[in-house]
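Here's the structure we're looking at; comments come further down.
Protein chains in written order, with my numbering: chain D, 647 to 993; chain R, 647 to 993.
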């Protein structure tokens with residue numbers, strides 16, 4: 647039997663490590679889509695420094711391509727697509743439209759290696775004849791201009807979003823091609839929604855706050871944010887998860903509060919702000935708030951974070967020329983609300 | 647009888663207009679403290695463009711001095727001090743310490759021409775033998791490098807913070823020296839706390855939000871902030887004011903929401919952020935939240951705004967060298983909270 651074909655979309659810290667693991671294991675035929683760094687990787691490969699796979703100099707994935715279209719044309723059809731890009735449904739391109747050219751109906755299993763809750767909904771709607779799986783990762787990794795660093799254990803919790811038994815064969819197949827004894831592990835997760843809620847304890851609190859104030863986690867903590875905002879925000883998330891049937895231990899809060907003790911570091915959303923990149927506000931905050939609203943759970947801090955970040959995201963869209971505000975349209979306006987008639991390109 | 651001596655502390659848009667009005671009326675001997683623009687004013691005076699007092703070229707106040715100390719030495723003792731500086735009790739210098747050199751116990755009436763609630767508490771404590779009055783202004787004015795613009799009506803609502811009848815003589819004396827028929831008005835306000843709560847409807851909502859997102863009022867409104875954050879924040883303020891005995895009409899919300907229709911403008915707190923200046927977070931948000939806590943009123947949006955801005959203010963203190971964070975102090979820290987043992991100068 648031919649080796650399964652795997653496409654990895656998103657060559658950040660996670661996707662590149664995934665490609666390395668699959669190549670090292672040698673049980674799959676892996677293609678990595680490398681957009682911004684393509685020329686760099688072609689010329690000199692990656693510098694890799696990892697705690698679990700060791701170090702590599704001038705490492706290149708077996709196949710790497712500059713676009714999904716090239717991947718589909720030259721290396722498809724794919725058994726698996728691992729989606730490791732950011733998930734910005736309110737941005738110029740949705741994940742569904744990004745992967746579309748490489749999805750073969752009935753064949754390709756799509757694994758969403760991304761944060762947030764209810765992220766499978768638009769993907770399943772776009773590809774009703776494909777299996778869509780949940781992948782939750784805990785690795786700490788970064789890819790800065792082709793210099794890759796990864797620490798901790800590379801454990802992937804893979805699961806069916808609705809615990810569908812027909813999806814287990816695909817999960818086992820993935821575990822087989824990814825798992826390297828002593829180096830990483832793939833855990834089949836029968837309650838992946840809970841794992842997603844648990845990761846959100848961190849992601850709804852530190853990510854938005856540090857992005858809003860543009861400060862690292864530790865400075866926020868030094869100035870009292872654990873008590874004033876972080877724990878109260880985390881408690882709101884715990885209440886939302888509970889209303890959704892998932893009881894998360896209060897000890898998770900302390901686990902995440904101390905996860906970066908001593909390091910003065912910024913979570914991804916704060917880095918996004920600093921780099922003028924779009925933030926994952928819908929999957930991290932918007933979707934949990936929809937659950938809160940449906941279940942009648944009050945979450946005023948998370949809602950305030952969300953509404954603030956939505957404004958910042960709109961400003962970023964204007965700065966990037968995706969929307970345009972023509973002051974003349976509003977010169978004589980005295981209606982109750984400004985009309986939302988602004989040009990929105992690409993949507 | 648000699649003309650009353652008036653000292654104006656703070657030569658921004660408000661203080662300079664106050665000096666102009668007093669000089670035009672000619673019934674007081676006025677001194678303006680001009681710190682940053684002193685050389686400029688000495689050399690060529692102000693360019694003044696106002697709707698109520700007309701235009702002036704190379705205008706200088708009768709007395710202007712570079713510091714309070716010089717004012718006290720050369721032009722005191724003062725019958726009145728009008729305090730038109732920003733009020734930053736958490737900043738390096740409090741208003742009490744700023745005015746102290748020019749206050750004569752038993753003589754000087756201090757008029758706080760500033761926003762916020764409970765601002766008289768530290769001033770009355772510092773000067774128990776002086777009258778401290780409330781001055782609320784509604785003028786729209788600015789002073790940019792000696793170019794002064796003012797629009798609207800120059801109405802000062804002057805009042806006793808605790809409706810003390812012994813303070814009315816001072817108010818009437820002030821009205822007499824300030825009021826110019828057809829040009830301005832001084833209204834003696836028997837419920838100045840209500841006027842302060844009313845102004846806070848605007849100041850607790852648009853000021854913090856625009857400072858946090860660094861966007862003008864109109865862009866926030868175009869992107870839905872009236873519904874998502876502004877009205878909900880204003881409603882919290884209305885509830886706090888009500889718990890304090892002051893019922894404010896809901897129509898005030900719409901009045902302030904439409905106050906800048908068509909203009910793409912930033913309120914003072916947003917301008918402070920852009921200029922890396924301290925913000926009036928304690929008198930605008932902190933003090934109302936103390937009232938909320940005392941009276942058991944829930945105000946989660948205002949509290950979130952406040953806690954976010956407190957973090958930003960701490961970052962600004964670090965940027966200005968007022969506090970210093972030594973990462974080595976936190977390298978091995980794994981206690982529940984980071985200790986707040988950072989150096990704080992000038993406090």
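Built from N, CA and C at the ideal position, the CB exists for glycine as well.
Predicted, not measured: the structure shown is a model, and the values here were computed from it.
According to the neighbour-count rule (16 or more other Cβ atoms, all chains shown, within 10 Å of its Cβ), is residue 663 of chain R buried or exposed?
Position 17 of the second chain, counted from the start, is the residue given in the question as residue 663 of chain R. Buried.
State the start and end residues of the unbroken beta strand (DSSP E) segment that holds residue 800 of chain R.
Looking up residue 800 of chain R in the second chain gives position 154. Taken as a continuous stretch (DSSP letters only), the beta strand (DSSP E) holding residue 800 of chain R covers 800 to 806.
Find the residues of chain D that neighbour residue 961 of chain R, judging by a C-beta separation of less than 9 Å, and give them in chain order.
Locating residue 961 of chain R in the second chain gives position 315, where the first residue counts as 1. 859, 860, 861, 865, 869, listed in chain order.
Which class does residue 704 of chain R belong to by DSSP, given the choice of helix, strand or coil?
Residue mapping note: residue 704 of chain R aligns to position 58 of the second chain, counting from 1. Looking at residue 704 of chain R - three-state DSSP - the assignment turns out to be strand.
What's the gap between the Cα of residue 690 of chain R and the Cα of residue 798 of chain R?
One-based indexing of the second chain puts residue 690 of chain R at position 44. One-based indexing of the second chain puts residue 798 of chain R at position 152. The straight-line gap from Cα to Cα measures roughly 26 Å.
Cβ neighbour criterion (16 or more within 10 Å) applied to residue 976 of chain R:
Position 330 of the second chain holds residue 976 of chain R. Residue 976 of chain R comes out buried.
On a Cα-Cα basis, can you pick out the residue from R:910, R:969, R:817, R:743 that is closest to residue 834 of chain R?
For this step, residue 834 of chain R is matched to residue 188 along the second chain. Residue 834 of chain R has its Cα closest to that of R:817, out of R:910, R:969, R:817, R:743.
Taking buried to mean at least 16 other C-beta atoms within 10 Å of its own C-beta, is residue 666 of chain D buried or exposed?
Position 20 of the first chain, counted from the start, is the residue given in the question as residue 666 of chain D. Under this definition residue 666 of chain D is a buried residue.
Based on Cα-Cα distance, which residue from D:763, D:769, D:720 lies nearest to residue 742 of chain D?
Position 96 of the first chain, counting from 1, holds the residue named residue 742 of chain D. Per the Cα distances, D:769.
Residue 781 of chain R beta carbon less than 8 Å from that of residue 698 of chain R:
Residue mapping note: residue 698 of chain R aligns to position 52 of the second chain, counting from 1. Residue mapping note: residue 781 of chain R aligns to position 135 of the second chain, counting from 1. No, they are not a contact pair.
Given that residue 854 of chain R touches chain D, what residues does it touch there, using C-beta distances under 7 Å?
Indexing the second chain from 1 puts residue 854 of chain R at position 208. Per Cβ cutoff of 7 Å: no residues; residue 854 of chain R is ~10 Å from chain D at best.
Is the region 892 to 904 of chain R close to the region 825 to 844 of chain R, with three or more CB pairs under 8 Å?
yes
For chain D, check one thing: does any of its Cβ atoms lie closer than 8 Å to the Cβ of residue 910 of chain R?
Here the question's residue 910 of chain R lines up with position 264 in the second chain. Yes, residue 910 of chain R lies at the interface with chain D (some Cβ there is under 8 Å from its Cβ).
Could you list which residues in chain D have their beta carbon closer than 7 Å to that of residue 971 of chain R, in chain order?
The residue you call residue 971 of chain R lines up with position 325 of the second chain. Going along chain D in sequence order, the residues near residue 971 of chain R (Cβ under 7 Å) are 865, 868.
Burial state of residue 784 of chain D (16 or more Cβ within 10 Å)
Locating residue 784 of chain D in the first chain gives position 138, counting from the first residue. The residue is exposed, with fewer than 16 neighbouring Cβ atoms inside 10 Å.
Mark residue 703 of chain D as exposed unless 16 or more other C-beta atoms lie within 10 angstroms of its C-beta, in which case mark it buried.
Residue mapping note: residue 703 of chain D aligns to position 57 of the first chain, counting from 1. Label assigned to residue 703 of chain D: exposed.
Within 8 Å (strictly less), CB to CB, does residue 990 of chain D reach chain R?
Position 344 of the first chain, counted from the start, is the residue given in the question as residue 990 of chain D. Its pLDDT being 31, under 50, residue 990 of chain D is placed unreliably by the model, and nothing is read from it.
Run through DSSP, which three-state label would residue 784 of chain D get?
Here residue 784 of chain D refers to the residue found at position 138 of the first chain. If DSSP states are grouped into helix, strand and coil, residue 784 of chain D belongs with coil.
When DSSP labels each residue in this structure, what does residue 726 of chain D get in the three-state scheme?
Counting from 1 along the first chain, the entry for residue 726 of chain D is found at position 80. Residue 726 of chain D: strand per DSSP, three-state reduction.
If we cut at 8 Å on Cβ distances, does residue 922 of chain R have a partner in chain D?
Here the question's residue 922 of chain R lines up with position 276 in the second chain. Answer no: the Cβ-Cβ gap between residue 922 of chain R and chain D never drops below 8 Å.
For a test of the three-state rule: what should DSSP assign to residue 848 of chain D, helix, strand or coil?
For the purposes of this step, residue 848 of chain D is taken as residue 202 along the first chain, with counting starting at 1. Residue 848 of chain D falls in the helix class under three-state DSSP.
Contact set for residue 962 of chain D: own chain, Cβ-Cβ below 7 Å, skip 5 residues either direction:
The sequence position of residue 962 of chain D within the first chain is 316, counting from 1. If we look at residue 962 of chain D and ignore the five residues flanking it on each side, its Cβ neighbours are 922, 924.
Report the residue ranges of all beta strand (DSSP E) runs contained in full by the region 864 to 911 of chain D; include only those spanning at least 3 residues, in chain order.
none
Range of the contiguous alpha helix (DSSP H) that encloses residue 918 of chain D
Mapped onto the first chain, residue 918 of chain D falls at position 272. Residue 918 of chain D -> alpha helix (DSSP H) spans 914 to 920.
Within a Cβ cutoff of 8 Å, which residues of the same chain sit near residue 911 of chain D, ignoring the five residues on either side of it in sequence?
Reading the first chain from its first residue, position 265 is the one you call residue 911 of chain D. Excluding positions up to five away in sequence, the list reads 862, 863, 864.
Can you give the Cα-Cα distance for residue 670 of chain R and residue 814 of chain R, rounded to whole angstroms?
Taking the first residue of the second chain as 1, we reach residue 670 of chain R at position 24. Taking the first residue of the second chain as 1, we reach residue 814 of chain R at position 168. Going from the Cα of residue 670 of chain R to the Cα of residue 814 of chain R covers about 24 Å.
Quick check on residue 976 of chain R - is its C-beta less than 8 Å from some C-beta in chain D?
Residue mapping note: residue 976 of chain R aligns to position 330 of the second chain, counting from 1. Cβ-Cβ to chain D under 8 Å: yes for residue 976 of chain R.
Check: residue 690 of chain D C-beta below 7 Å from any heavy atom of the ligand GTP:
The ligand GTP is absent from the structure shown, which contains no ligands of any kind.
Could you say which of R:687, R:705, R:684 lies nearest to residue 694 of chain R if we only look at CA atoms?
For the purposes of this step, residue 694 of chain R is taken as residue 48 along the second chain, with counting starting at 1. Closest option to residue 694 of chain R, Cα to Cα, is R:705.
Residue 722 of chain D: buried (16+ other C-beta within 10 angstroms of its C-beta) or exposed?
Counting from one through the first chain, the residue named residue 722 of chain D turns up at place 76. It is buried - the Cβ of residue 722 of chain D has at least 16 other Cβ atoms within 10 Å.
Rounding to the nearest angstrom, what Cα-Cα distance links residue 974 of chain R and residue 870 of chain D in this structure?
By 1-based counting over the second chain, the position of residue 974 of chain R is 328. By 1-based counting over the first chain, the position of residue 870 of chain D is 224. Computed Cα separation, rounded: 19 Å.
Just to make sure I have the definition right: I need the residues of chain D whose C-beta is within less than 8 Å of the C-beta of residue 946 of chain R. Which are they?
As a position in the second chain, residue 946 of chain R is number 300, starting the count at 1. Per Cβ cutoff of 8 Å: 946, 947, 950.
Straight-line gap, residue 710 of chain D to residue 914 of chain R (C-alpha atoms, nearest Å):
The residue you call residue 710 of chain D lines up with position 64 of the first chain. The residue you call residue 914 of chain R lines up with position 268 of the second chain. Between residue 710 of chain D and residue 914 of chain R, the C-alpha separation is close to 52 Å.
Residue 829 of chain R CB to nearest chain D CB: under 8 Å?
As a working note, residue 829 of chain R is residue 183 in the second chain. By this cut-off, residue 829 of chain R is not an interface position.
Would you call the CB atoms of residue 796 of chain R and residue 906 of chain R closer than 8 Å?
For the purposes of this step, residue 796 of chain R is taken as residue 150 along the second chain, with counting starting at 1. For the purposes of this step, residue 906 of chain R is taken as residue 260 along the second chain, with counting starting at 1. No. Outside cutoff.
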